[in-house]
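In short: position in the sequence shown from 1, add 408, done, that's the working numbering. Heads up, the beta-carbon is just placed ideally off N, CA and C, and yes, glycines get one too.
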Amino acid sequence: MYQPIREALLAERRKIVILYGARQVGKTTLVQEILKDLPFKVLAIDGDLLNYREVLSSQNLAKLEELVGGYELLFIDEAQNIPNIGVNLKILYDHFPNLRIIATGSSSFELANQVMEPLTGRKVTFRLYPISIGELSRRHTVFELRAQLESYLLYGMYPEVLILEGGQSKIRHLQELASSYLFKDVLQLSGIKHADKLHKLLKLLALQVGSLVSFHELGKTLGMSHETVTNYIDLLEKGFILFRLGGFSRNLRKEVTKMNKIYFYDTGIRNALADNFNPLDYRADAGPLWENFLIAERRKKMEYEGRYGSFYFWRTYSGAELDWVEEYNGGLHGY
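The structure is reproduced here in structure tokens:
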């Protein structure tokens, strides 16, 4: 991810670079590392700070010029917190032709809505996920990775979790993330008033990883409508917490297509929500946990390699099944 973002910032035909990703996956650290290597005078702004929010939401050219004048690159961290950021980025892009811009966002449902129309043709987007096995393989041997594999399955691969020593320290950090911090943007920016129901939904989804999930049944269990469950899951997808797979079909009479499977981008977060950090040999869900881990890794690998397509599971009513089907470049690939 380092090199593609660096190249986008150096490109002769400049684009606004947008980097999405859940909180604490390392967006800020990655951008800071990239900027160290670039020959630009940089203004770095925290979107949580009120004084910057006021200027960057003002749509006032004079105020914007006073802010960015003399700088060659503008870095806006947590840009989803700035009202009207899309329009103001367009003003900056159009009126300051020598200014390069990179912005990060930990929730795509707010930032994407703001930048989609104003920045048409002016932006390039990237997504950052918890650290992948592919990234770790650049620094560790196969033997070292195998030795840590159970730890990756149990505690996931958020950067801070990988650094922490000891299972209890990792568990405490994951429980803190899973209890509120990770979902802060989902709750704040979506207007969801019942945080308790969101957390109950997340726990149910964590316990059903790898299984067919009925949104209707989830709604009945939680006392919510099917539409509300669908909306919550959509928001959690846009907050980079989880993703869903639909059923692939060429024969609607024989194949299961109406239900979804849900997976988490990080198995540590999934285990925190399920309240289960037991070793693999003492788990009834070791199979689904492996499935979640492998599918999340495959999805990260595909995206980081620029192989964009559609992803499904495949299952027939007679019981035949493939956990993962990729459709890209006119071909189908099943695993």
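If you compare alpha carbons, which of the options is closest to residue i?
{"i": "VAL463", "options": "ASN492, LYS444 and ILE442", "result": "ASN492"}
{"i": "LEU458", "options": "ILE484, GLY714 and ILE490", "result": "ILE490"}
{"i": "GLU543", "options": "GLU705, SER718 and GLY727", "result": "GLU705"}
{"i": "ARG580", "options": "GLY631, ILE510, ASN679 and LEU497", "result": "ASN679"}
{"i": "ARG508", "options": "SER465, LEU451, LEU553 and PHE551", "result": "LEU451"}
{"i": "LYS608", "options": "GLU645, GLU635, TYR640 and GLU584", "result": "TYR640"}
{"i": "LYS498", "options": "SER465, THR512 and GLU474", "result": "SER465"}
{"i": "ALA586", "options": "GLN411, ALA416, PHE648 and ALA692", "result": "PHE648"}
Within this structure, are the beta carbons of residue i and residue j separated by less than 8 Å?
{"i": "ASP445", "j": "GLU486", "result": "no"}
{"i": "TYR428", "j": "ARG535", "result": "yes"}
{"i": "LEU561", "j": "PHE701", "result": "yes"}
{"i": "LEU613", "j": "LEU650", "result": "yes"}
{"i": "GLY618", "j": "LYS669", "result": "yes"}
{"i": "TYR566", "j": "VAL433", "result": "yes"}
{"i": "GLY529", "j": "PHE685", "result": "no"}
{"i": "ASP683", "j": "PRO538", "result": "no"}
{"i": "VAL532", "j": "LYS611", "result": "no"}
{"i": "SER514", "j": "ALA603", "result": "no"}
{"i": "THR436", "j": "THR512", "result": "yes"}
So residue i is in the alpha helix (DSSP H); what residue range does that whole segment cover?
{"i": "ILE539", "result": "From DSSP, ILE539 is part of no alpha helix (DSSP H); its letter is neither H nor E."}
{"i": "HIS741", "result": "Element bounds for HIS741: not the alpha helix (DSSP H) but the beta strand (DSSP E), 739 to 742."}
{"i": "PHE623", "result": "623 to 630"}
{"i": "VAL439", "result": "435 to 444"}
{"i": "ASN496", "result": "493 to 503"}
{"i": "PHE721", "result": "It is not in any alpha helix (DSSP H) - PHE721 instead sits in the beta strand (DSSP E) that spans 718 to 723."}
{"i": "THR675", "result": "675 to 682"}
{"i": "ALA555", "result": "550 to 563"}
Do you know offhand how far residue i's Cα is from residue j's?
{"i": "ARG707", "j": "PHE672", "result": "11 Å"}
{"i": "THR549", "j": "GLN556", "result": "11 Å"}
{"i": "LEU688", "j": "LEU615", "result": "15 Å"}
{"i": "GLU734", "j": "ARG723", "result": "14 Å"}
{"i": "ILE541", "j": "GLY477", "result": "42 Å"}
{"i": "LEU500", "j": "GLU480", "result": "12 Å"}
{"i": "SER726", "j": "ILE484", "result": "52 Å"}
{"i": "MET667", "j": "TYR563", "result": "28 Å"}
{"i": "GLU568", "j": "ILE677", "result": "13 Å"}
{"i": "GLU635", "j": "LEU475", "result": "43 Å"}
{"i": "GLU711", "j": "ILE413", "result": "14 Å"}
{"i": "ARG756", "j": "LYS471", "result": "Shown here, the chain extends from 409 to 743; a query on residue 756 therefore has no answer."}
For the beta strand (DSSP E) that residue i lies in, which residues bound it at each end?
{"i": "VAL733", "result": "729 to 736"}
Assuming residue i and residue j are in contact, meaning their beta carbons sit under 8 Å apart, how far apart are those beta carbons, in whole angstroms?
{"i": "LEU527", "j": "GLY494", "result": "6 Å"}
{"i": "PHE721", "j": "LEU730", "result": "7 Å"}
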